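**Student:** Could you have a look at this structure, given as structure tokens, before my questions?
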Amino acid sequence: MYGVIFDFLREYVTQRHGGEETWKALLAATGNPHRVYFPVKEYPDQEIVDLAGSAAEALDLPLADVLEDFGSYVGPRLISFYKVFFTGDGWNTFDVIEIAGSRIHDVIHRHNPTRKPPDLSAHRESDDLLVVHYHSHRRLCPVVRGIIRGLGEKYGERFAIEETQCMHQGADECVMRVQRLH
1 MYGVIFDFLR EYVTQRHGGE ETWKALLAAT GNPHRVYFPV KEYPDQEIVD
51 LAGSAAEALD LPLADVLEDF GSYVGPRLIS FYKVFFTGDG WNTFDVIEIA
101 GSRIHDVIHR HNPTRKPPDL SAHRESDDLL VVHYHSHRRL CPVVRGIIRG
151 LGEKYGERFA IEETQCMHQG ADECVMRVQR LH
């Protein structure tokens, strides 16, 4: 996983959960007390899982809740980070989710063919219903749900998200029906 995600996790922890001391405690809990993450460098996926697990334990919250909250935090920040893809006005959450799999993950793979970004695709069943398909060996579907919610906050939209299939329940992929609420 690229270091930019670790940077976002650090920001999330320091801004929402106790500051720099909390971040240092999480690093220490995972056996990396002096770890520094560089945005374009790759790090083992297990490190993000370990950090998130330590955060959930420290906060006494289920891991899925922490991951979803992190997703809601990171979603709008990913738009800023990948701003070259999102120039101009008129964007909404559905537009961003549809583009994420087809453009951003393709660029990541093109620049590093050995990298395995998540498979993410989405199609609209109507103006107010988007069906999202997510598959990754990381199985971070709570982060995807959170990203959708965070983008909704950014664009002033609310959603009901129904996960009809989940890799954590034995499915090959997660399928989420995202209904825009009025």
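If you're matching positions, the sequence shown starts at 1 in the UniProt record's numbering and goes up one per residue. Yeah, the Cβ is synthetic: ideal placement off N, Cα and C, and Gly gets one too. Since the model is a prediction, treat every value here as computed from it, not as a measurement.
Give the DSSP bridge partners of Asp172, in chain order.
**Tutor:** Counting from one through the sequence shown, the residue named residue 172 turns up at place 172. Answer by DSSP bridge pairing: none, since Asp172 is not bridged.
**Student:** Return the bridge partner residues of Ala160 from the DSSP annotation.
**Tutor:** As a position in the sequence shown, residue 160 is number 160, starting the count at 1. Partner(s): Gln179.
**Student:** Tyr37 by DSSP, collapsed to three states: which one?
**Tutor:** Against the sequence shown, residue 37 aligns to sequence position 37. It is coil, neither helix nor strand.
**Student:** Using a Cβ-Cβ cutoff of less than 7 Å, which residues in the same chain neighbour Glu125 once the five nearest sequence positions on both sides are dropped?
**Tutor:** Within the sequence shown, numbered from 1, the residue matching residue 125 stands at position 125. So the list reads Val131, once near-sequence residues are dropped.
**Student:** Cα separation between Thr30 and Asp127?
**Tutor:** As a first step, residue 30 is located in the sequence shown; it is residue number 30 there, counting from the start. As a first step, residue 127 is located in the sequence shown; it is residue number 127 there, counting from the start. Near 44 Å, if we compare the C-alpha coordinates of Asp127 and Thr30.
**Student:** Check the C-beta distance from Val143 over to Phe159 and give it rounded, since I have them as a contact under 8 Å.
**Tutor:** Against the sequence shown, residue 143 aligns to sequence position 143. Against the sequence shown, residue 159 aligns to sequence position 159. Under the criterion of beta carbons closer than 8 Å, Val143 and Phe159 do not qualify as touching, at roughly 16 Å.
**Student:** So which of Cys166, Gly101, Tyr2 and Arg139 has the shortest CA-CA distance to Thr85?
**Tutor:** On the sequence shown, position 85 is the one that residue 85 refers to. Here the sequence assigns Phe to residue 85, which means Thr is not the residue at that position. Closest by alpha carbon: Gly101.
**Student:** Looking at the strands, I want to know which residues DSSP matches up with Ala122.
**Tutor:** The residue labelled residue 122 in the question sits at position 122 within the sequence shown. Ala122 has Val132 as its beta-bridge partners, per DSSP.
**Student:** In chain order, what residues of the same chain have a beta carbon less than 8 Å from the beta carbon of Thr164, not counting five sequence neighbours either side?
**Tutor:** Taking the sequence shown and counting its residues from 1, one reaches residue 164 at position 164. Excluding five sequence positions before and after Thr164, the CB atoms of its chain that fall closer than 8 Å to its own CB belong to Val175, Met176 and Arg177, given in chain order.
**Student:** What distance in whole Å lies between the Cβ atoms of Glu157 and Thr93, which are believed to be in contact at a cut-off of 8 Å?
**Tutor:** Here residue 93 is taken as the residue at index 93 of the sequence shown, counted from 1. Here residue 157 is taken as the residue at index 157 of the sequence shown, counted from 1. Sure, about 5 Å apart at Cβ, within 8 Å.
**Student:** Sort Arg139, Leu151 and Gly170 by Cα distance to Arg180 and report the nearest one.
**Tutor:** If you number the sequence shown from 1, residue 180 lands on position 180. Closest option to Arg180, Cα to Cα, is Leu151.
**Student:** On the DSSP bridge list, what partners appear for Tyr2?
**Tutor:** Numbered from its first residue, the sequence shown carries residue 2 at position 2. According to DSSP, which records beta bridges pairwise, Tyr2 is partnered with Glu42.
**Student:** Return yes when the Cβ of Leu26 is within less than 9 Å of the Cβ of Leu61, no when it is not.
**Tutor:** Translated into positions along the sequence shown, residue 61 becomes position 61. Translated into positions along the sequence shown, residue 26 becomes position 26. Against a cut-off of 9 Å, the Cβ pair of Leu26 and Leu61 comes out as no contact.
**Student:** Based on Cα-Cα distance, which residue from Glu162, Gly146 and Gln169 lies nearest to Leu67?
**Tutor:** Within the sequence shown, numbered from 1, the residue matching residue 67 stands at position 67. Checking every option, the nearest Cα to that of Leu67 belongs to Gly146.
**Student:** Taking the alpha carbon of Ile148 as the point to measure from, which residue in Leu120, Leu63 and Phe6 has its own alpha carbon closest?
**Tutor:** Looking up residue 148 in the sequence shown gives position 148. Nearest C-alpha to Ile148: Leu120.
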